[in-house]
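Numbering-wise (the numbering used here), the sequence shown opens with residue 1 and increments by one. Note that CB positions come from ideal geometry on N, CA and C, so glycine has one too. Reviewing the structure listed below.
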Amino acid sequence: MPSGWVVTNFETLLSYEQPTNYIVKNTNYNSEYETPVLTAGKSFILGYTDEKENIFSELPVIIFDDFTTESKFVDFPFKV
């Protein structure tokens, strides 16, 4: 192991947050809207929303899809 590195449990490095607060209420997406709507799956950006409330912005973050096991590193505000 490289000098200065330490062994730690994975859960001490990351935390989990349910996405419930960040789910869009309206799925009428439009490319002219500002906020991207994401999925951790292959498509990644589902579309863009004009919703202004509950936009996730504690960045950077890793989003994870427990069904497909896909994950994405995100460094911009978004909804799901």
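Straight-line gap, Asn30 to Val7 (C-alpha atoms, nearest Å): 46 Å
Start and end residues, beta strand (DSSP E) containing Leu38: 35–38
Backbone CA spacing between Thr27 and Ser3 [nearest angstrom]: 50 Å
Nearest-angstrom beta carbon gap, Thr39 and Asp65 [assumed within contact, 8 Å]: 7 Å
Span of the beta strand (DSSP E) around Val7: Element bounds for Val7: n/a, residue is neither H nor E.
CA-to-CA distance, Pro77 to Leu59, given in whole angstroms: 7 Å
One or two residues paired with Ile45 in a DSSP bridge: Leu38
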